[in-house]
Amino acid sequence: MARALFIIDVQNDFTEGGALGVDGGEAVAAGVTRLLAEHGDEYVHVFASRDWHDAEGDNDGHFATGEPDYETNWPVHCVAGSAGAEYHHALDTKSVDTHIRKGQGAHGYSIFEGVTPEGRSLGEVLAEAGITDVDVVGLATDYCVRVSALDAIEHGLQVRVLAGLVAPVDRAAGDAALAEIAEAGGVVVPA
(Lines of atoms letter the chains of each structure in order from A and count residues from 1; the text may use other names and numbers.)
(Lines give C-alpha, C1' and ligand atoms only; values in the text may rest on other atoms or scores of the structure.)
Protein backbone atom coordinates (compact mmCIF):
# COMPACT_ATOMS: atom_id res chain seq x y z
CA MET A 1 0.00 0.00 0.00
CA ALA A 2 1.31 3.42 -0.98
CA ARG A 3 -0.74 6.30 0.40
CA ALA A 4 -0.79 9.83 -1.00
CA LEU A 5 -2.42 13.03 0.19
CA PHE A 6 -4.58 15.18 -2.09
CA ILE A 7 -4.79 18.78 -0.86
CA ILE A 8 -7.62 20.31 -2.86
CA ASP A 9 -7.71 24.05 -3.63
CA VAL A 10 -6.59 25.59 -0.32
CA GLN A 11 -6.33 28.97 -2.01
CA ASN A 12 -6.92 32.57 -0.99
CA ASP A 13 -10.05 32.93 -3.14
CA PHE A 14 -11.65 29.93 -1.40
CA THR A 15 -10.86 31.01 2.16
CA GLU A 16 -12.45 33.75 4.23
CA GLY A 17 -12.33 37.10 2.44
CA GLY A 18 -11.71 35.55 -0.99
CA ALA A 19 -13.88 35.82 -4.08
CA LEU A 20 -15.61 32.52 -3.15
CA GLY A 21 -14.49 32.19 0.46
CA VAL A 22 -15.96 29.45 2.63
CA ASP A 23 -16.30 29.55 6.41
CA GLY A 24 -13.57 27.42 7.92
CA GLY A 25 -11.19 27.70 4.98
CA GLU A 26 -8.35 29.19 7.00
CA ALA A 27 -8.82 26.52 9.68
CA VAL A 28 -8.53 23.86 6.98
CA ALA A 29 -5.27 25.43 5.77
CA ALA A 30 -3.82 25.42 9.28
CA GLY A 31 -5.11 21.91 9.97
CA VAL A 32 -3.50 20.50 6.82
CA THR A 33 -0.21 22.08 7.86
CA ARG A 34 -0.52 20.33 11.26
CA LEU A 35 -1.37 17.04 9.54
CA LEU A 36 1.76 17.25 7.43
CA ALA A 37 3.92 18.18 10.41
CA GLU A 38 2.59 15.34 12.57
CA HIS A 39 1.83 12.62 10.00
CA GLY A 40 3.56 13.65 6.79
CA ASP A 41 5.72 10.52 6.89
CA GLU A 42 2.57 8.43 6.31
CA TYR A 43 2.37 9.76 2.74
CA VAL A 44 4.70 8.65 -0.02
CA HIS A 45 3.56 11.58 -2.14
CA VAL A 46 1.72 14.84 -1.46
CA PHE A 47 -0.27 16.50 -4.24
CA ALA A 48 -1.80 19.97 -4.04
CA SER A 49 -4.27 21.27 -6.60
CA ARG A 50 -5.16 24.84 -7.43
CA ASP A 51 -7.75 26.38 -9.67
CA TRP A 52 -5.62 28.21 -12.24
CA HIS A 53 -8.13 29.89 -14.51
CA ASP A 54 -7.28 31.93 -17.59
CA ALA A 55 -7.53 35.69 -17.17
CA GLU A 56 -9.09 36.08 -20.61
CA GLY A 57 -12.51 34.71 -21.53
CA ASP A 58 -15.04 32.88 -19.40
CA ASN A 59 -13.10 29.60 -19.03
CA ASP A 60 -15.65 27.58 -21.01
CA GLY A 61 -18.56 29.14 -19.15
CA HIS A 62 -17.08 28.73 -15.67
CA PHE A 63 -16.96 32.49 -15.11
CA ALA A 64 -20.37 34.11 -15.26
CA THR A 65 -20.77 36.74 -17.95
CA GLY A 66 -23.75 38.17 -16.06
CA GLU A 67 -25.16 37.27 -12.67
CA PRO A 68 -23.56 33.98 -11.50
CA ASP A 69 -25.85 31.06 -10.65
CA TYR A 70 -23.35 29.52 -8.19
CA GLU A 71 -24.01 26.07 -9.62
CA THR A 72 -22.57 26.04 -13.14
CA ASN A 73 -20.92 29.46 -13.27
CA TRP A 74 -19.20 31.67 -10.74
CA PRO A 75 -17.73 35.11 -10.16
CA VAL A 76 -14.15 35.50 -11.39
CA HIS A 77 -11.79 33.63 -9.05
CA CYS A 78 -8.35 31.98 -8.91
CA VAL A 79 -7.01 33.67 -12.03
CA ALA A 80 -3.56 32.26 -12.88
CA GLY A 81 -0.82 34.26 -11.22
CA SER A 82 -3.18 36.35 -9.06
CA ALA A 83 -3.09 36.66 -5.28
CA GLY A 84 -6.44 34.84 -5.14
CA ALA A 85 -4.96 31.81 -6.88
CA GLU A 86 -2.08 31.50 -4.41
CA TYR A 87 -2.16 28.94 -1.62
CA HIS A 88 -3.44 30.32 1.67
CA HIS A 89 -0.57 31.54 3.87
CA ALA A 90 -1.51 29.09 6.66
CA LEU A 91 -0.85 26.14 4.33
CA ASP A 92 2.80 25.13 4.48
CA THR A 93 3.54 23.76 1.00
CA LYS A 94 7.15 22.67 1.52
CA SER A 95 5.97 19.03 1.82
CA VAL A 96 4.08 19.16 -1.49
CA ASP A 97 5.75 16.90 -4.05
CA THR A 98 3.50 17.70 -7.02
CA HIS A 99 1.46 20.81 -7.76
CA ILE A 100 -1.55 20.38 -10.03
CA ARG A 101 -3.13 23.29 -11.92
CA LYS A 102 -6.70 22.81 -13.05
CA GLY A 103 -9.35 24.86 -14.79
CA GLN A 104 -7.03 26.38 -17.36
CA GLY A 105 -9.65 27.64 -19.78
CA ALA A 106 -12.21 25.17 -18.40
CA HIS A 107 -14.32 24.35 -15.34
CA GLY A 108 -11.77 22.05 -13.69
CA TYR A 109 -13.43 20.78 -10.51
CA SER A 110 -11.48 17.52 -10.12
CA ILE A 111 -7.77 17.24 -9.41
CA PHE A 112 -7.80 14.60 -12.17
CA GLU A 113 -8.66 17.32 -14.71
CA GLY A 114 -5.44 19.19 -13.97
CA VAL A 115 -1.81 18.91 -14.97
CA THR A 116 1.55 19.64 -13.43
CA PRO A 117 3.30 22.87 -14.45
CA GLU A 118 5.27 20.66 -16.87
CA GLY A 119 2.03 19.39 -18.44
CA ARG A 120 2.00 15.88 -16.94
CA SER A 121 -1.32 14.34 -15.91
CA LEU A 122 -2.12 13.32 -12.36
CA GLY A 123 -2.65 9.75 -13.58
CA GLU A 124 0.93 9.58 -14.88
CA VAL A 125 2.38 10.74 -11.58
CA LEU A 126 0.15 8.42 -9.55
CA ALA A 127 1.20 5.43 -11.65
CA GLU A 128 4.91 6.26 -11.39
CA ALA A 129 4.65 6.62 -7.62
CA GLY A 130 2.65 3.37 -7.27
CA ILE A 131 -0.14 5.10 -5.36
CA THR A 132 -2.99 2.81 -4.26
CA ASP A 133 -4.60 4.88 -1.48
CA VAL A 134 -5.34 8.57 -1.03
CA ASP A 135 -6.47 10.82 1.76
CA VAL A 136 -8.39 13.87 0.55
CA VAL A 137 -8.52 17.23 2.33
CA GLY A 138 -9.29 20.79 1.26
CA LEU A 139 -11.95 23.05 -0.23
CA ALA A 140 -14.80 22.93 -0.85
CA THR A 141 -16.40 19.72 0.34
CA ASP A 142 -19.48 20.01 -1.87
CA TYR A 143 -17.58 20.86 -5.07
CA CYS A 144 -13.93 20.12 -5.78
CA VAL A 145 -13.34 17.78 -2.82
CA ARG A 146 -16.43 15.78 -3.76
CA VAL A 147 -15.57 15.44 -7.45
CA SER A 148 -11.88 14.71 -6.76
CA ALA A 149 -12.72 11.97 -4.25
CA LEU A 150 -15.30 10.38 -6.57
CA ASP A 151 -12.84 10.49 -9.48
CA ALA A 152 -10.17 8.86 -7.32
CA ILE A 153 -12.60 6.03 -6.50
CA GLU A 154 -13.38 5.66 -10.22
CA HIS A 155 -9.64 5.40 -10.88
CA GLY A 156 -9.49 2.41 -8.52
CA LEU A 157 -7.90 4.15 -5.56
CA GLN A 158 -8.85 3.50 -1.96
CA VAL A 159 -10.11 6.88 -0.75
CA ARG A 160 -10.44 8.43 2.68
CA VAL A 161 -11.80 11.94 3.19
CA LEU A 162 -10.58 13.51 6.43
CA ALA A 163 -13.79 15.25 7.50
CA GLY A 164 -12.04 17.57 9.95
CA LEU A 165 -9.92 19.00 7.16
CA VAL A 166 -12.60 19.96 4.63
CA ALA A 167 -15.09 22.82 4.59
CA PRO A 168 -18.21 23.21 2.45
CA VAL A 169 -19.85 26.11 0.69
CA ASP A 170 -23.15 24.88 2.12
CA ARG A 171 -23.29 22.66 5.24
CA ALA A 172 -26.17 20.44 4.03
CA ALA A 173 -24.59 20.03 0.59
CA GLY A 174 -21.26 19.23 2.25
CA ASP A 175 -22.87 16.52 4.38
CA ALA A 176 -24.59 15.13 1.27
CA ALA A 177 -21.24 15.08 -0.57
CA LEU A 178 -19.58 13.10 2.22
CA ALA A 179 -22.50 10.63 2.21
CA GLU A 180 -22.19 10.27 -1.58
CA ILE A 181 -18.46 9.57 -1.30
CA ALA A 182 -19.11 6.93 1.37
CA GLU A 183 -21.84 5.34 -0.75
CA ALA A 184 -19.40 5.17 -3.69
CA GLY A 185 -16.92 3.21 -1.58
CA GLY A 186 -14.86 5.91 0.06
CA VAL A 187 -14.29 6.19 3.79
CA VAL A 188 -15.16 9.38 5.63
CA VAL A 189 -12.89 9.72 8.67
CA PRO A 190 -14.81 11.71 11.31
CA ALA A 191 -13.44 15.01 12.55
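Using the working numbering, you'd call the opening residue of the sequence shown number 9 and step up by one each time. Every residue gets a Cβ at the ideal spot worked out from N, C-alpha and C, and that includes glycine. In this text, all values refer to a predicted model and were calculated from it rather than measured experimentally.
With a threshold of 6 Å on Cβ separation, who are the neighbours of residue i within its own chain once the five nearest residues in sequence on each side are excluded?
| i | result |
| --- | --- |
| PHE71 | VAL84 |
| ALA199 | ALA171 and GLY172 |
| LEU13 | TYR51, VAL54 and ASP143 |
| PRO176 | ALA148, THR149, ASP150 and GLY182 |
| GLY193 | ILE161 |
| PRO76 | TRP82 and PRO83 |
Using a 10 Å radius around the Cβ and a threshold of 16 neighbouring Cβ atoms, would you call residue i buried or exposed?
| i | result |
| --- | --- |
| GLY92 | buried |
| VAL197 | exposed |
| GLY39 | buried |
| TYR78 | exposed |
| ALA7 | The question about residue 7 has no answer, for the chain in this structure spans 9 to 199. |
| HIS97 | exposed |
| GLY116 | buried |
With a Cβ-Cβ cutoff of 8 Å, do residue i and residue j count as a contact?
| i | j | result |
| --- | --- | --- |
| VAL210 | VAL174 | Here the chain comprises residues numbered 9 to 199, so residue 210 is not present and cannot be evaluated. |
| GLY33 | THR41 | no |
| ALA160 | VAL142 | yes |
| GLY25 | TRP60 | no |
| ARG154 | VAL195 | no |
| VAL54 | ILE15 | yes |
| LEU147 | VAL30 | yes |
| ILE69 | ASN81 | Residue identity check: residue 69 is Gly in the sequence provided, not Ile. In this structure, ASN81 lies closer than 8 Å to GLY69 by Cβ. |
| THR140 | ALA10 | yes |
Who are the Cβ neighbours of residue i in its own chain at under 8 Å, not counting the five residues just before and after it?
| i | result |
| --- | --- |
| GLY131 | PHE120 and HIS163 |
Rank the options by C-alpha distance to the C-alpha of residue i and give the top, closest one.
| i | options | result |
| --- | --- | --- |
| ALA45 | LEU170, SER90, THR101 and GLY74 | THR101 |
| VAL145 | GLU94, GLY182 and TYR78 | GLY182 |
| GLU188 | LEU165, LEU158, GLU34 and VAL177 | LEU158 |
| ILE108 | LEU99, GLY122, TYR117 and HIS97 | GLY122 |
| GLY127 | GLU75, THR106 and ASP62 | THR106 |
| CYS152 | SER90, GLY74 and SER57 | SER57 |
| GLY89 | GLY116, ASN20, ASP49 and GLU191 | ASN20 |
| LEU43 | SER129, SER103 and SER156 | SER103 |
| SER118 | ARG179, GLY74 and SER156 | SER156 |
To which residues of the same chain is residue i closer than 7 Å at the C-beta, ignoring the five residues directly before and after it?
| i | result |
| --- | --- |
| VAL87 | HIS61, ALA63 and ALA93 |
| ALA190 | VAL196 |
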